[in-house]
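K.L.:
Chains as they are written, first to last, in the working numbering: chain A, 635 to 921; chain B, 89 to 419.
We put the CB at the ideal spot given by N, CA and C, even for glycine.
Just so you know, these numbers come straight off a predicted model, no measurement behind them.
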Ligand SMILES: Nc1ncnc2c1ncn2[C@@H]1O[C@H](COP(=O)(O)OP(=O)(O)O)[C@@H](O)[C@H]1O
Ligand SMILES: [Mg+2]
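#1: Check the Cβ of residue 226/B against every Cβ in chain A and list those closer than 7 Å, keeping chain order.
#2: Is residue 868/A near ligand 2, with its Cβ less than 7 Å from a heavy atom?
#3: Kindly confirm or deny that the stretch 388–400 of chain B and the stretch 139–159 of chain B touch, where touching means at least three C-beta pairs closer than 8 Å.
#4: Can the beta-carbon of residue 194/B be found less than 8 Å from the beta-carbon of residue 133/B?
#5: Any beta carbon from chain B within less than 8 Å of residue 808/A's own beta carbon?
#6: Would residue 776/A count as contacting chain B if we go by Cβ distances under 8 Å?
#7: Identify the continuous alpha helix (DSSP H) that holds residue 761/A and give its terminal residues.
#8: How long is the line joining the alpha carbons of residue 346/B and residue 683/A, rounded to whole angstroms?
#9: Please report how far the alpha carbon of residue 921/A lies from the alpha carbon of residue 861/A, in whole angstroms.
#10: Beta-carbon within less than 7 Å of residue 356/B's beta-carbon, same chain only, minus the 5 sequence neighbours each way: which residues are those?
#11: Verify whether the separation of the beta carbon atoms of residue 869/A and residue 823/A is less than 8 Å.
#12: Tell me which same chain residues have a C-beta within less than 6 Å of the C-beta of residue 168/B, skipping the five on either side of it?
#13: Taking only the alpha-carbon atoms, compute the straight-line gap between residue 669/A and residue 721/A and give it to the nearest angstrom.
#14: Check whether the Cβ of residue 705/A sits closer than 7 Å to any heavy atom of ligand 2, and report yes or no.
#15: Which residues does DSSP pair with residue 884/A in a beta bridge?
#16: Could you name the residues of the same chain whose beta carbon sits closer than 7 Å to that of residue 320/B, not counting the 5 residues immediately before and after it, in chain order?
#17: Taking CB distances under 8 Å as the criterion, tell me whether residue 766/A reaches chain B.
#18: List in chain order: all unbroken alpha helix (DSSP H) runs of 4+ residues lying wholly within the stretch 338–375 of chain B.
#19: If we ignore side chains and look at the alpha-carbon of each, how far apart do residue 892/A and residue 753/A end up?
#20: Could you check which residue in 848/A, 717/A, 739/A and 687/A has the C-alpha nearest to that of residue 660/A?
#21: Would you be able to state if there are at least three C-beta pairs under 8 Å between the stretch 725–732 of chain A and the stretch 747–764 of chain A?
#22: Report all residues from its chain with a CB closer than 7 Å to the CB of residue 363/B; omit the five preceding and five following residues, and keep chain order.
#23: With a threshold of 16 other CB atoms inside 10 Å of the CB of residue 641/A, please say whether the residue is buried or exposed.
#24: Flag residue 670/A as yes when its Cβ comes closer than 7 Å to any non-hydrogen atom of ligand 1, and as no otherwise.
#25: Do you know offhand how far residue 100/B's Cα is from residue 245/B's?
#26: Using a C-beta to C-beta distance shorter than 7 Å, which residues of chain B count as neighbours of residue 734/A?
#27: Flag this pair as yes or no: are the beta carbons of residue 835/A and residue 744/A separated by less than 8 Å?
#28: Short check: CB of residue 328/B to CB of residue 96/B, under 8 Å?
#29: Is any heavy atom in ligand 2 found nearer than 7 Å to the beta carbon of residue 747/A?
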């Protein structure tokens with residue numbers, strides 16, 4: 635674990651301190667810029683985001699009641715779903731219509747709300763799969779271990795390091811199916827890091843995680859920022875959102891209804907409205 | 089009852105040409121279904137394309153058989169592309185529907201009256217198209233032992249056939265333990281997870297479909313050469329389902345599963361058939377219960393029953409790992 639050096643956090647806070655708390659506001663250094671992204675399912679408009687920017691190097695929380703369209707927005711940004719209209723850029727590169735695996739290769743890697751551990755692969759193989767540019771993944775060279783053995787050893791070493799950091803190293807030879815729900819979340823996050831992403835998008839990383847593990851998960855997420863990554867995550871637990879995020883974006887009924895630093899956004903009437911309007915049982919009051 | 093004869097027949101079948109054909113077909117299916125999770129229900133189509141390409145090219149166009157084999161491989165690659173391009177981006181069941189239909193189309197085209205000139209209609213193609221292959225036969229005498237009997241030509245086919253099986257087993261072993269194999273196994277578990285990690289799922293599925301299809305075409309070569317004829321109805325959907333039976337019997341996603349499955353399947357099928365035939369001939373089973381003409385069907389019923397029991401008590405197949413199978417049930 636890194637020392638509690640908060641330089642990246644300080645930088646993120648500094649960069650965002652003069653940004654106005656209003657939906658669709660421009661950020662000083664956005665890694666993602668999305669415009670007019672609309673996704674309809676039949677008559678239902680699941681996502682209708684006019685404009686949103688995600689600040690580079692910061693931890694941004696995406697919150698909102700169930701059915702607000704957060705997961706759908708994730709799916710759209712990462713190419714897993716196609717919008718009815720809209721466009722968005724990652725590092726200035728137009729991404730609309732780009733296949734999901736290409737999005738991942740560009741450095742934008744997501745996890746899933748419903749964990750996708752690869753059950754009948756070992757924990758270690760789950761991890762190794764994440765590494766990019768593997769020589770042995772070519773069908774012809776795969777038959778000649780001579781070509782890929784060294785790279786495989788390097789990948790394995792990197793995977794061991796990450797597994798240790800996520801306290802999964804004791805499980806590395808088990809099938810991923812043998813892990814608990816919380817451990818699968820950890821594995822999925824660690825596996826995403828094997829891709830060496832610039833932007834990590836986590837869809838409800840804490841859901842179903844044993845409370846004993848959540849604190850370390852939070853530390854891992856903060857750690858990503860310290861390593862220079864940008865984090866966008868969906869979360870319901872407001873205490874956690876307050877604890878780790880530098881910026882909060884609130885969605886309701888497909889739209890971005892509020893944005894701002896964590897403390898101010900939670901007292902925003904539009905936000906309270908969004909949650910109460912959806913009869914959501916989340917606690918919004920400060921602790 | 090002549091048990092020596094029964095065993096001789098059963099063992100001949102277990103290591104004979106049919107066992108080789110089904111082992112090869114199932115090795116291809118193992119890549120598709122066992123490792124990649126692709127539901128290919130048209131493996132018979134790949135065998136048919138291999139067998140017919142060789143027969144047509146050698147008989148009608150007098151092409152050398154070695155070139156004809158190459159052409160057969162090429163045609164099976166083409167078939168995999170035709171099947172895969174429209175379906176591999178879609179949900180898994182589309183491949184199943186398209187492959188089962190395509191294999192039937194191939195069979196119907198082969199037996200059509202219009203194309204009789206090339207494919208010989210429902211009679212197929214018979215001729216000495218294996219002559220170049222048999223010219224290399226080093227066996228002057230056949231095998232004639234109490235347990236095993238083969239003609240010189242059968243011996244040559246069986247030898248080459250098992251060498252092919254061994255080669256493809258080694259190929260499977262090498263490729264599934266490589267990073268490529270890791271990707272296809274991951275696709276079997278969850279395609280979207282694989283996409284989210286930057287791999288082109290479509291590309292890997294296509295490669296798997298092609299490789300397993302080419303192995304299937306080798307089963308077709310063995311089928312055609314061993315019989316010196318190709319007949320459309322040999323390549324019906326039943327062939328595909330027996331190949332699946334063989335695969336699941338031996339254990340899917342096990343390197344040796346298809347081979348062991350095929351040997352056991354053919355041993356049992358012939359063993360049961362011979363027992364019944366002798367029992368009927370010796371009046372151990374009365375004629376009103378079973379007559380000789382019914383034995384061929386009854387053996388499938390009995391073997392099917394045995395397979396059901398196997399699936400109940402050993403659902404992972406002979407080689408499979410029960411723990412691993414249970415993981416399928418999405419804990
Ligand atoms: N594949 C789909 N088909 C139809 N409706 C969908 C689909 N996916 C999501 N929806 C609907 O879109 C809305 C937004 O869902 P989602 O993005 O999962 O919300 P969140 O992640 O914020 O809880 C919901 O009303 C949901 O029922
Ligand atoms: Mg969601």
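P.N.:
This is what the structure gives:
#1: What residue 226/B touches in chain A: nothing, since even the nearest Cβ is about 30 Å away.
#2: yes
#3: no
#4: Taking 8 Å as the cut-off, the beta carbon of residue 194/B is found closer than this to the beta carbon of residue 133/B.
#5: no
#6: Taking Cβ atoms only, chain B reaches closer than 8 Å to residue 776/A, which makes this a yes.
#7: 757–763
#8: 53 Å
#9: With a pLDDT of 40 at residue 921/A, under the threshold of 50, the modelled position of that residue is not reliable, and the figure given next carries that caveat. Cα to Cα, residue 921/A sits roughly 30 Å from residue 861/A.
#10: 391 and 394
#11: no
#12: 297, 298 and 301
#13: Spanning the two alpha carbons is a distance of roughly 6 Å.
#14: For ligand 2, at least one heavy atom lies less than 7 Å from the Cβ of residue 705/A.
#15: Bridge partners of residue 884/A: 697/A and 892/A.
#16: 195, 198, 199, 210 and 212
#17: True, the Cβ-Cβ gap to chain B drops below 8 Å.
#18: The qualifying runs are 345–369.
#19: Going from the Cα of residue 892/A to the Cα of residue 753/A covers about 39 Å.
#20: 687/A
#21: no
#22: Around residue 363/B: 94.
#23: exposed
#24: no
#25: 13 Å
#26: 283 and 284
#27: In contact: residue 835/A and residue 744/A (Cβ atoms closer than 8 Å).
#28: no
#29: The answer is yes for residue 747/A.
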